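Engineer: Residue numbers (UniProt numbering): 1 to 86.
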Amino acid sequence: MKINGPNQTNFNPYKSHLQKHTEIKKETKQDQLEISNQAKQLQESEKTNPARAEYIQNIKKAVDAGEYKVDPEKTAQKMIDFWSGK
Numbered sequence: 001m002k003i004n005g006p007n008q009t010n011f012n013p014y015k016s017h018l019q020k021h022t023e024i025k026k027e028t029k030q031d032q033l034e035i036s037n038q039a040k041q042l043q044e045s046e047k048t049n050p051a052r053a054e055y056i057q058n059i060k061k062a063v064d065a066g067e068y069k070v071d072p073e074k075t076a077q078k079m080i081d082f083w084s085g086k
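1. The alpha helix (DSSP H) spanning residue 37 covers which residue range?
2. Just confirm the distance between the C-beta atoms of residue 68 and residue 59, as a whole number of angstroms; I'd bet it's less than 8 angstroms.
3. Quick check: the Cα distance between residue 73 and residue 83, rounded to an integer number of angstroms?
Written out as structure tokens, the structure reads:
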């Protein structure tokens, strides 16, 4: 009489778990990224306007040269308009 032990039909319980695990890995989905139209418009609006960039560069040069003068009356009026909601 020959005794082969508890796994005489070559049944391995761990092997079936391993096969299920590999099948799960095959079914994994890839990540997707979708940018909305609003986000695209916002991205376009953030691009620098060449005329505005030149204006800012001129102001920077004037400030560095000490030639830029601030009109305190105009600044105060703009602050009042802003805070009063005009």
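Every residue gets a Cβ at the ideal spot worked out from N, C-alpha and C, and that includes glycine.
Since we're looking at a predicted model, the values are computed, not measured.
Structural biologist: Walking through what the data contain:
1. Along the sequence shown, read from residue 1 onward, the residue named residue 37 stands at position 37. For residue 37, the enclosing alpha helix (DSSP H) has its first and last residue at 37-45.
2. Position 68 of the sequence shown holds residue 68. Position 59 of the sequence shown holds residue 59. Yes, residue 68 and residue 59 are in contact; Cβ-Cβ is about 6 angstroms, under 8 angstroms.
3. The sequence position of residue 73 within the sequence shown is 73, counting from 1. The sequence position of residue 83 within the sequence shown is 83, counting from 1. So the alpha carbons of these two residues sit roughly 16 angstroms apart.
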